[in-house]
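A.B. asks: Structure provided below as structure tokens; questions to follow.
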Amino acid sequence: MAGLSLLQQPLRCAPSGGRLLARDCEWRADTGTGNGTASGKVRIESRRARVCRREFSVARSCASIEVQERRNGAGDRELSSAGEENSGVADFYGSGGGRGVGADSDIPLLEALANCAAQDAASFHFPGHRRGRGAPSRMLETVGHGAFAHDLPELPELDNLFSPDGVIAEAQAKAAELFGADATFFLVNGSTCGIQASVMATCRPGDFLILPRNCHLSATSAMVLSGALPKYVVPLYDRRWGIAHGVSPLSIHTAITEVKAQGGRVGAVLVVSPTYFGVCSSIDAVAKVCHDNGVPLIVDEAHGAHFRFHEDLPESALEQGADIAVQSTHKVLGSLTQSSMLHVRGARVSQEVLGRCLQMVQSTSPSYLLLSSLDAARAQMSEGGQFGRTRGSDSRLDRALVYARNARERLKAIPSLSVMDEDTIDSSESLPGLDPLRITLDLRGLSIDGYEVDDILRLEFGVIAELPALQTITFAVSLGSCERDIDMLVDAFVALSSRYTSSGTDGATMPPQDQDQLFNSSILPLPSARGLSPRNAFFSKTVKVDVADSVGKICAELVCPYPPGIPVIRPGEVISEDAISYLRRIVKNGDYDQCFDFNFFRLGQ
Ligand SMILES: Cc1ncc(COP(=O)(O)O)c(C=O)c1O
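Structure representation (structure tokens):
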């Protein structure tokens, strides 16, 4: 920080804390216990002091605090003219009771939130429900008072997501340590915003982003936002399963070489690993290709936040050399929906630029329920020595793995079903890794497709899948799974199998030619030729045309059945016959009417 260090008049504060008004100052506290002094830094952004956690812990027991202010010209005068700097005594909130923010806490953000929620304050801040008192009663009854009481804004004690130096900074640092990152950013808009920010931080307008065709739609919005141009890599298609898997290091190498040969600049490579189906790419080999070419590697690890915590799971992307890994902590670990983490390692991507980009794609009112759930999920994974792959046999992940193994064995034994694993995946390359907690079933032995299976499972058997598709259905086993869930899943398929195979009573087996057709039409269409950049197409003047007239024209929007959220046509692409017939097929079979308007496409003019 620029500026002279000057001694400010000592501010005295009462043992229970006080309001400290100064700006960018360092502090030294006499603990009053004969243990000497402690020191730290206070950053103040608003009229209220933003107090870091360590300061509070001292403040609770100290006799006095001396503040040494680094005077910073204008900032000082502002404060002086407001006459505030010496006004305060003690409001390091909380007058005792419970573990304070400052206690050497394992879950700093969650504990700070709990302390704030426990305050009996006359609050005049947002949100308007005012800690539940003004909440809609039906909502209150349904989700409980606790959710509202803890739905607090960026109070000084709760730090600030975009320039953290208190409990958020501490929680993020703990996460970085656990996940093996140099820095971790908490995300309140899912991995979606992490991927957007990662691309924005690495690709300038006109740079190429190398990415697989089967990447999540957030990669497309990232290109619209950043102005990056796509260079698609065709992922390894599994004809047996009708599913796209990972990318080969060779395909990435070829793509980088082609872009460079044409005089383009590669801003970054973005790889999805694991896929929705749990299939991993060889991230270590892809990272080497990228780094040899001076290109950062972003891994969309939305489905792999748990990888680091068990030796029976594939290695995490960061462990294999990725520069950025974006993880949906909420998908398999225990945080709340929408909460994710972005981990960064090494110097290829600037943490500062990443922070700035994240600020553009996240709310300025981040939910502390989401943020603290990330802190708690991190703490949960730190328990019991799980970190460092030394967890005990009773860990939740161990249990989940046992359940998943059990389910796989029992499902494999059911006639007319097969389970995706190393033996059934049709891969021309050796399979670098498969998440054993993701169970995908091949349903072609049944006379009904995945969407019908999904309906029957849900309505008749009370079993809810993660991802139905035409010929497959995918289930996610996670920390919260239990034995009863597995029994219900297996029992349901025992019943379905006897009902919907040729030997069953209700159903007839689908004729082989229909099965072939189903199989072929479910393969994701190959990339169509690019007509415009995603950004130009997205912002161009458009007209709506009937689907029947759309082939050969440039699409201005994202056409994307969700789940799995893998776009079929992206902005800027020429619409192909293949893409239309694929979409017709899934609209007919799936329940997608709400997800996109299939009757009309908006076309760039
Ligand atoms: C592969 C992949 N990446 C990214 C995302 C986006 O994650 P989030 O829902 O946390 O924004 C998803 C969501 O399903 C996904 O499947």
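Residue numbers (our numbering): -15 to 589.
The beta-carbon is built from N, C-alpha and C at its ideal position, and this holds for glycine as well.
Could you say which of L139, L124, A532 lies nearest to C100 if we only look at CA atoms?
C.D. replies: Here residue 100 is taken as the residue at index 116 of the sequence shown, counted from 1. Closest by alpha carbon: L139.
A.B. asks: So, does the region 247 to 260 touch the region 430 to 442, judging by three or more C-beta pairs under 8 Å?
C.D. replies: no
A.B. asks: CB-CB under 6 Å to K215, same chain, minus the five flanking residues each way: which ones, in chain order?
C.D. replies: By one-based count along the sequence shown, residue 215 stands at place 231. Within the same chain, K215 has close Cβ partners F192, I194, A239, V243.
A.B. asks: Which runs of the beta strand (DSSP E) at least 3 residues long sit entirely within the region 161 to 186? Give them in chain order.
C.D. replies: Listed in chain order, the complete beta strand (DSSP E) runs (minimum 3 residues) inside the region 161 to 186 are 167 to 171.
A.B. asks: May I ask you to report which of helix, strand or coil DSSP gives Y260?
C.D. replies: Numbered from 1 along the sequence shown, position 276 holds the residue referred to as residue 260. Coil.
A.B. asks: Is it true that the CB of S147 sits closer than 7 Å to the CB of Q180?
C.D. replies: Position 196 of the sequence shown, counted from the start, is the residue given in the question as residue 180. Position 163 of the sequence shown, counted from the start, is the residue given in the question as residue 147. Not a contact, by the Cβ cut-off of 7 Å.
A.B. asks: Label D410 either buried or exposed according to how many other C-beta atoms from any shown protein chain fall within 10 Å of its C-beta, with 16 as the threshold for buried.
C.D. replies: Within the sequence shown, the letter at position 426 stands for residue 410. Counting other Cβ atoms within 10 Å of its Cβ, D410 stays below 16 and is therefore classed as exposed.
A.B. asks: Considering only their Cβ atoms, is the gap separating V283 from V255 smaller than 7 Å?
C.D. replies: Counting from 1 along the sequence shown, the entry for residue 255 is found at position 271. Counting from 1 along the sequence shown, the entry for residue 283 is found at position 299. In this structure, V283 lies closer than 7 Å to V255 by Cβ.
A.B. asks: Can you pull the DSSP bridge partners for H327?
C.D. replies: Here residue 327 refers to the residue found at position 343 when the sequence shown is read from its first residue. Beta-bridge pairing links H327 to T168, A309.
A.B. asks: For N277, collect the residues of the same chain with a Cβ closer than 6 Å to its Cβ; drop the 5 residues on either side in sequence, then sort them by chain order.
C.D. replies: Position 293 of the sequence shown, counting from 1, holds the residue named residue 277. I240.
A.B. asks: Give me the Cβ distance between G178 and L326, rounded to the nearest whole Å; I'm assuming they're in contact under 8 Å.
C.D. replies: If you number the sequence shown from 1, residue 178 lands on position 194. If you number the sequence shown from 1, residue 326 lands on position 342. Going by Cβ atoms, the distance from G178 to L326 rounds to 4 Å, so yes, they are a contact pair.
A.B. asks: So which of R117, E141, I440 has the shortest CA-CA distance to A131?
C.D. replies: As a first step, residue 131 is located in the sequence shown; it is residue number 147 there, counting from the start. Ranking the options by Cα distance to A131, first place goes to R117.
A.B. asks: Contact between the region 228 to 238 and the region 255 to 272: three or more CB pairs below 8 Å?
C.D. replies: yes
A.B. asks: As an exercise, report each continuous alpha helix (DSSP H) stretch of at least 4 residues that is fully enclosed by the region 514 to 570, in chain order.
C.D. replies: 518 to 523
A.B. asks: Tell me, please, whether the region 305 to 323 touches the region 159 to 178 by the rule of three or more beta-carbon pairs shorter than 8 Å.
C.D. replies: In this structure the region 305 to 323 touches the region 159 to 178; the number of beta carbon pairs closer than 8 Å is three or more.
A.B. asks: Sorted by chain position, which residues of the same chain lie with C-beta nearer than 7 Å to H129's C-beta, five sequence neighbours on each side aside?
C.D. replies: Counting from 1 along the sequence shown, the entry for residue 129 is found at position 145. G116.
A.B. asks: What do you reckon, are the CB atoms on A360 and D90 nearer than 7 Å?
C.D. replies: Position 376 of the sequence shown, counting from 1, holds the residue named residue 360. Position 106 of the sequence shown, counting from 1, holds the residue named residue 90. At least 7 Å separates the beta-carbon of A360 from that of D90.
A.B. asks: Am I right that C264 and G150 are in contact with their C-beta atoms under 8 Å? What's the rounded C-beta distance?
C.D. replies: Here residue 264 corresponds to residue number 280 of the sequence shown, with the count starting at 1. Here residue 150 corresponds to residue number 166 of the sequence shown, with the count starting at 1. Not quite, the Cβ-Cβ distance comes to about 37 Å (not below 8 Å), so this is no contact.
A.B. asks: What residues in its chain sit with their C-beta under 7 Å from that of G190, if we drop five residues either side in the sequence?
C.D. replies: Here the question's residue 190 lines up with position 206 in the sequence shown. Hits under 7 Å: G211, L213.
A.B. asks: Just tell me which of S121, R554, F293, F170 has its CA closest to the CA of Q322.
C.D. replies: Counting from 1 along the sequence shown, the entry for residue 322 is found at position 338. When each option's Cα is compared against that of Q322, the closest is F170.
A.B. asks: For D296, does the three-state DSSP call read helix, strand or coil?
C.D. replies: Within the sequence shown, the letter at position 312 stands for residue 296. Of the three classes helix, strand and coil, the one that applies to D296 here is coil, per DSSP.
A.B. asks: Say yes only if the C-beta of D135 is nearer than 6 Å to one or more non-hydrogen atoms of ligand 1, and no if none qualify.
C.D. replies: For this step, residue 135 is matched to residue 151 along the sequence shown. Answer for D135: no, Cβ out of range of ligand 1.
A.B. asks: Can you check which of these residues, G330, L353, L124, A397, is closest to S482 by C-alpha distance?
C.D. replies: Working through the sequence shown from its first residue, we reach residue 482 at position 498. Closest by alpha carbon: A397.
A.B. asks: Would you grab the beta carbon distance between E406 and L395 for me? Rounded to a whole angstrom, and I think it's under 8 Å.
C.D. replies: Residue 406 sits at position 422 when you count from the first residue of the sequence shown. Residue 395 sits at position 411 when you count from the first residue of the sequence shown. With a Cβ gap of about 16 Å, E406 and L395 do not count as contacting.
A.B. asks: Tell me A460's beta-bridge partners as DSSP assigns them.
C.D. replies: Counting from 1 along the sequence shown, the entry for residue 460 is found at position 476. Its beta-bridge partners are R422.
A.B. asks: Buried or exposed: S347, going by 16 or more other Cβ atoms within 10 Å of its Cβ?
C.D. replies: As a working mapping, residue 347 is identified with position 363 in the sequence shown. Exposed: under 16 other Cβ atoms inside 10 Å.
A.B. asks: Considering only heavy atoms of ligand 1, does any lie closer than 6 Å to the CB of Y484?
C.D. replies: In the sequence shown, the residue the question calls residue 484 occupies position 500. Result no, Cβ not under 6 Å from ligand 1.
A.B. asks: Please report the straight-line C-alpha distance between Y566 and S379, rounded to a whole angstrom.
C.D. replies: Counting from one through the sequence shown, the residue named residue 566 turns up at place 582. Counting from one through the sequence shown, the residue named residue 379 turns up at place 395. For Y566 and S379, the distance between alpha carbons rounds to 43 Å.
A.B. asks: For S356, tell me which candidate among N144, Y387, S107 has the shortest Cα-Cα distance.
C.D. replies: Position 372 of the sequence shown, counting from 1, holds the residue named residue 356. Closest option to S356, Cα to Cα, is N144.
A.B. asks: To the nearest angstrom, report how far apart M207 and D419 are at their CA atoms.
C.D. replies: Counted from its first residue, the sequence shown places residue 207 at position 223. Counted from its first residue, the sequence shown places residue 419 at position 435. In a straight line, the C-alpha of M207 is about 29 Å away from that of D419.
A.B. asks: Does DSSP put S266 in a helix, a strand or coil?
C.D. replies: Working through the sequence shown from its first residue, we reach residue 266 at position 282. In the structure shown, S266 sits in coil (DSSP, three-state: anything other than H, G, I, E or B).
A.B. asks: Ignore the nearest five residues each way along the sequence and tell me which others in A269's own chain have a CB closer than 7 Å to its CB.
C.D. replies: Stepping through the sequence shown from its first residue, residue 269 is reached at position 285. The answer, listed in chain order, is P233.
A.B. asks: Distance, Cα to Cα, L353 vs V531?
C.D. replies: Taking the sequence shown and counting its residues from 1, the one referred to as residue 353 is at position 369. Taking the sequence shown and counting its residues from 1, the one referred to as residue 531 is at position 547. Taking the straight line joining both Cα atoms gives about 43 Å.
A.B. asks: Between H200 and ligand 1, is there a pair consisting of the residue's CB and a ligand heavy atom that are separated by less than 6 Å?
C.D. replies: In the sequence shown, the residue the question calls residue 200 occupies position 216. Yes, ligand 1 has a heavy atom inside 6 Å of this Cβ.
A.B. asks: So for P120, helix, strand or coil by DSSP?
C.D. replies: Sequence index remark: in the sequence shown, residue 120 carries index 136 (1-based). In the displayed model, P120 falls within coil according to three-state DSSP, outside both helix and strand.
A.B. asks: Run through the DSSP bridge pairs and tell me what A252 is partnered with.
C.D. replies: Taking the sequence shown and counting its residues from 1, the one referred to as residue 252 is at position 268. Paired residue(s): L193.
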